[in-house]
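The listed protein sequences correspond, in order, to chains G and R.
Taking the numbering used here, I'd label the letters of the first sequence as residues 1 to 533.
Taking the numbering used here, I'd label the letters of the second sequence as residues 1 to 533.
Note that beta-carbon positions come from the ideal geometry of N, C-alpha and C, so glycine has one too.
For clarity, every value in this text was computed on a predicted model and none was experimentally measured.
To start, the structure under review is shown below, and the notes come after it.
2 protein chains.
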Amino acid sequence: MQVYDTTLRDGAQREAISYSVVDKLAVARLLDEFGVGFIEGGWPGAMPKDTEFFRRARTELDLKHAVFVAFGSTRKAGVRVQDDPQVRALLEAETPAVTLVAKSDLRHVERALRTTAEENLAMVRDTVAYFVSEGRRVFLDCEHFFDGYRFDPDYTAGVAAAALEAGAEAAVMCDTNGGMLPSLITRTVGEVRERLAVALGVTPEEAVARLGIHCQNDTSCAVANTVAAVEAGVPHFQCTANGYGERPGNADLFAVVGNLQLKLGMPVLPDGCIEQMVRVSHSIAEIANIAPDTHQAYVGSSAFAHKAGLHASAIKVDPVLYNHIDPVVVGNDMRILVTEMAGRASIELKARELGVDLAGHPEALTRVTNRVKELEARGWSFEAADASFELLARAELAEGALPRPFALESYRVIVEHREDGAVVSEATVKVRVRGERVIATAEGNGPVNALDEALRVALARHYPELARFELADYKVRILEGSHGTGAITRVLVETRSTGEDWTTVGVHENVVEASWQALVDALSYGIAHQVRV
Amino acid sequence: MQVYDTTLRDGAQREAISYSVVDKLAVARLLDEFGVGFIEGGWPGAMPKDTEFFRRARTELDLKHAVFVAFGSTRKAGVRVQDDPQVRALLEAETPAVTLVAKSDLRHVERALRTTAEENLAMVRDTVAYFVSEGRRVFLDCEHFFDGYRFDPDYTAGVAAAALEAGAEAAVMCDTNGGMLPSLITRTVGEVRERLAVALGVTPEEAVARLGIHCQNDTSCAVANTVAAVEAGVPHFQCTANGYGERPGNADLFAVVGNLQLKLGMPVLPDGCIEQMVRVSHSIAEIANIAPDTHQAYVGSSAFAHKAGLHASAIKVDPVLYNHIDPVVVGNDMRILVTEMAGRASIELKARELGVDLAGHPEALTRVTNRVKELEARGWSFEAADASFELLARAELAEGALPRPFALESYRVIVEHREDGAVVSEATVKVRVRGERVIATAEGNGPVNALDEALRVALARHYPELARFELADYKVRILEGSHGTGAITRVLVETRSTGEDWTTVGVHENVVEASWQALVDALSYGIAHQVRV
């Protein structure tokens, strides 16, 4: 079974998603922790950002489970494969595997690609063979496979056969327009299996074992279609985290894996990985800056929420009769039973991950659990803000509390759009540092930048190490359930110093105050860790 | 085929949904316009609001297509059916049809209902026969059917048989915990069909024709499961609008109907109804006060959105090759996203969508294209900001430019975190409106809110329609390739007025200035459109 993730390539086609290179590295690490077999990182050559990502991934990504894959296209019509700059860029990504996309619907070959049926087949053969000869594992994405198959089954199956004959590891049937239903998938896979067996001179079982599936969600059946293909013998399936993708999206990795592993008993993930489902899903949503879908199957915060009342006690006695799976298996919780124990266990685990031992301090653990619940009810989220969580956890441990490097008295920020069109920001902070009262003013290119600069000026003499801290990313999310500019704002700040980065969080109805909270945590955490290191 | 909608009963179990009686009447009218065959209105007797709804529905609802249904439970254990107050309330709802829920999983009978297998069957028989004798059409919802069938197939199939023998029109197999997959549905329906044929002494075809299906979405397969049951011969299917329901929800009415009618060629709706899909879906979302899911299959505003650029011209020539259905059939539209790669063709197409004809003005088209490219290079994104794009496009058309309702002289925003911990925001704007210079100051709970308020104060006298504009959403994105708080910020503002919403964009290194730009576009667009209408 090959769990192939394309969150970073096809999933990034979803409107409004725009990952930075650092975001992509973080998503790749999360997917690897979830245990997927393949991570498609992007399209080097076509997107300059992806080229940089592949360069950095070579030294910065250390994958435990996944094979790293670069995506590209078959060579251009009428061009020698080694002369095609896009092919070269793909080779230069230096990934162990590549996935090539090819047209497999004859109408697209003729009308969009404007080349002949035969030249398209030659493009497939040449490009696959070239990458195989360069030592790469090769997958071929057959675009518009199912529509093409309906229009001209010989040609479409022929594209898959050409790729496999040229050495591709799998020919992936892509439902690019997303119009399929499970029964149609089952029927088509059955037919293609027979055709390929004849074309390749192998058994139907051997033929289907070289197919892959990639579904879009335009009929709301992408998950079911993917499962149907796997049930029909297809061992390679392509998904995206949370189903992100163009239009209604792709098959959701988490639902597909949950269904295959927990419903059909297929061991698709390495041991210990499926428990990471909720954490990985929500962390990727945070990085993509998309509010997690509370009603998402398996991972949504409402996925196992039961309206309390009449049946609450029955559910408590026999939870197995009211849930389709035990939610703990995927790292979720049954909502009405969100007991202290459940909350405590995960907080203890999380703290231990960060090197804070709460297990031996049950009272501190209770305080941390209550504090986290109270803050989360007000919009905080520690899923992507480990540094803020660690500060909070240590604060409740007498011997573990990190010293706060300064105390705020007040700040003031002014933003002016002047008559001449100039926009200026200025911040003044008044703080106490090691017994000294310091007032500092700085300008910035925005209110948060001005605050950050003023705070650095105020602290510079006492904490010269601050100069090394760089604000690497800054994310703002308006929390739902509140209105327009009067809404609650959550800010995530990522700070980087030599060899380390950390994320902190702030929540307030005022974006400047929320940013301030995250900045204070960022500097506090960094100073404490630099001192300790 | 029986299209049975339970938006108003089971769908109302979704967290945060709370319909008034007037809301329920409006939703029922919309569902009827969509052409469903049955509308389950609620549970009279159990919910006082539902009792009132059924009373008012008798005089105020004039359904063209649908049969009105009340929901209730079989009689209590050990009580005569005519003595059960819940049964009486159901009768008094005076609907032509009733749906009764019964336990069909023996474990639930024994552990939750705390009665015997035989008494539960008697409850089913008695209650069905009673309502039939009162002239009602009766459906029986077999709760936990699939889990029960796996545990004890004889008993579970026996509950369905008992209902049908007592005169029920259909026995509905409910996947209450939502754990099924299409292949499991197909297999179970095949088995139940044979068992019922034997029990009822009819042919398997006649037996399956008396079954119904009701699926929850916990495996993300509710739509596929429903379609699988119908393909296996089940003619009665229960859905909710937009898939609203408990936990991950129910099978989405719109996707199920779209799949059956447009993919499998089954005529499930009366003529002229399927075109209402988008309107009905979005109207129900508004009434439920849930933001429409932009990525929902068939009806989402992104369901047929294509990233423009390289392929725009191909899509223009052959839209049928790039969409799984013609979006117009369900009342949707193909949307072309204006992205970095946009060329003239996609800009022209996009402008046409918005009612701006650039095709006849090649020089204006060039200016718009260049302007979009220049702005996008600086971080603008018009993908989700149609209103800003329209303002920009019209500005380049001499005869089409929308008048700017005011001109900015300057603004100033102050955010203070005071010594007592209070955080306050205050904004002053100086603008010229219709020849008059206006200065206004307002406070807000954040800098952008303060600016918005101050601008509204300044413009209120000249543009009273502003009072109707509500800031519905506010998104902030820090663009990459820039650093931390010194980064370029992109703000998207969604504004809503009666029956319309529009999105605008602003980009600046200063988040306040970026927000200001988006706010100005939002008000300009809204004022211009209100004036034109």
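Identify, in the order they occur along the chain, each residue of the same chain with its Cβ nearer than 6 Å to the Cβ of residue i, setting aside the five sequence neighbours on each side.
i	result
residue 491 of chain G	476, 506, 514, 515, 518
residue 168 of chain G	128, 138, 140
residue 275 of chain G	331
Can you give the Cα-Cα distance for residue i and residue j, rounded to whole angstroms?
i	j	result
residue 496 of chain G	residue 468 of chain G	8 Å
residue 254 of chain G	residue 299 of chain G	8 Å
residue 317 of chain R	residue 257 of chain G	39 Å
residue 177 of chain G	residue 331 of chain G	33 Å
residue 354 of chain G	residue 250 of chain R	40 Å
residue 370 of chain R	residue 380 of chain R	13 Å
residue 198 of chain R	residue 204 of chain R	8 Å
residue 433 of chain G	residue 443 of chain R	32 Å
residue 160 of chain G	residue 207 of chain G	11 Å
residue 342 of chain G	residue 227 of chain R	At residue 342 of chain G, the pLDDT of 42 sits below 50, so the modelled position is not reliable; the number obtained from the coordinates is stated separately. Their Cα atoms are separated by approximately 38 Å.
residue 55 of chain G	residue 33 of chain G	21 Å
residue 213 of chain R	residue 234 of chain R	7 Å
residue 220 of chain G	residue 242 of chain R	11 Å
residue 175 of chain R	residue 263 of chain G	14 Å
residue 7 of chain G	residue 57 of chain G	16 Å
residue 21 of chain R	residue 63 of chain R	17 Å
residue 529 of chain G	residue 302 of chain R	45 Å
residue 350 of chain G	residue 420 of chain G	52 Å
residue 382 of chain G	residue 407 of chain G	23 Å
residue 101 of chain R	residue 110 of chain R	16 Å
residue 89 of chain G	residue 81 of chain G	12 Å
residue 285 of chain G	residue 291 of chain G	6 Å
Buried or exposed: which applies to residue i, given that a residue is buried once 16 or more other Cβ atoms fall within 10 Å of its Cβ?
i	result
residue 45 of chain R	buried
residue 509 of chain R	buried
residue 238 of chain G	buried
residue 478 of chain R	buried
residue 121 of chain G	buried
residue 240 of chain G	buried
residue 154 of chain R	exposed
residue 439 of chain G	exposed
residue 179 of chain G	buried
residue 73 of chain R	buried
residue 158 of chain G	buried
residue 261 of chain G	buried
residue 320 of chain G	exposed
residue 278 of chain G	buried
What whole-angstrom Cβ distance do residue i and residue j have, given they're in contact under 8 Å?
i	j	result
residue 422 of chain R	residue 413 of chain R	Wrong, their Cβ atoms sit about 17 Å apart, outside the cutoff.
residue 446 of chain R	residue 270 of chain R	That pair is no contact at about 50 Å.
residue 361 of chain G	residue 410 of chain R	That pair is no contact at about 56 Å.
residue 536 of chain G	residue 325 of chain G	Nothing can be reported for residue 536 of chain G: it is not among the residues displayed for chain G, which extend from 1 to 533.
residue 356 of chain G	residue 393 of chain G	5 Å
Near residue i, which residues of its chain fall below 8 Å by C-beta distance, leaving aside the five closest residues on each side in sequence?
i	result
residue 466 of chain G	456, 459, 460, 523, 526, 527
residue 323 of chain R	304, 334
residue 2 of chain R	37, 38, 170, 212, 235, 236, 237
residue 247 of chain R	178, 216, 217, 218
residue 544 of chain G	In the structure as shown, chain G begins at 1 and stops at 533. Residue 544 of chain G is therefore absent and cannot be evaluated.
residue 450 of chain G	413, 425, 426, 427, 442, 443, 444
Can you list, in chain order, the residues of its chain with a C-beta nearer than 7 Å to that of residue i? Leave out the 5 residues immediately preceding and following it.
i	result
residue 69 of chain R	38, 39, 40, 41, 95, 97, 98, 99
residue 454 of chain G	427, 428, 429, 440, 441, 442
residue 273 of chain R	34, 35
residue 385 of chain R	492, 503, 504, 505
residue 498 of chain R	468
residue 482 of chain G	With a pLDDT of only 47 at residue 482 of chain G, under the threshold of 50, the placement of this residue in the model should not be trusted; the figure read from the coordinates follows. Excluding positions up to five away in sequence, the list reads 488.
residue 340 of chain R	Unreliable positioning characterises residue 340 of chain R in this predicted model, as indicated by a pLDDT of 49, which lies under 50. The coordinate reading is nonetheless provided below. The residues are 376.
- Tell me the start and end of each unbroken beta strand (DSSP E) in the region 279-303 of chain G that is at least 3 residues and wholly inside, in chain order. As summarised for the region 279-303 of chain G, there are no continuous beta strand (DSSP E) elements at least 3 residues long confined to that stretch.
- Could I get the ranges of all uninterrupted alpha helix (DSSP H) runs contained in the region 305-391 of chain R, with 4 residues as the minimum, in chain order? Counting whole runs of 4 or more residues, the region 305-391 of chain R contains the alpha helix (DSSP H) stretches 312-317, 344-353, 362-377.
- Message: Please give me, in chain order, every unbroken run of the beta strand (DSSP E) with length at least 3 that falls completely inside the region 123-199 of chain R.
- Response: List check, beta strand (DSSP E) in window: 137-143, 170-175.
- Item | Secondary structure, alpha helix (DSSP H): runs of 4+ residues fully inside the region 90-120 of chain R | Taking only runs of at least 4 residues, the alpha helix (DSSP H) segments lying wholly in the region 90-120 of chain R are 106-111.
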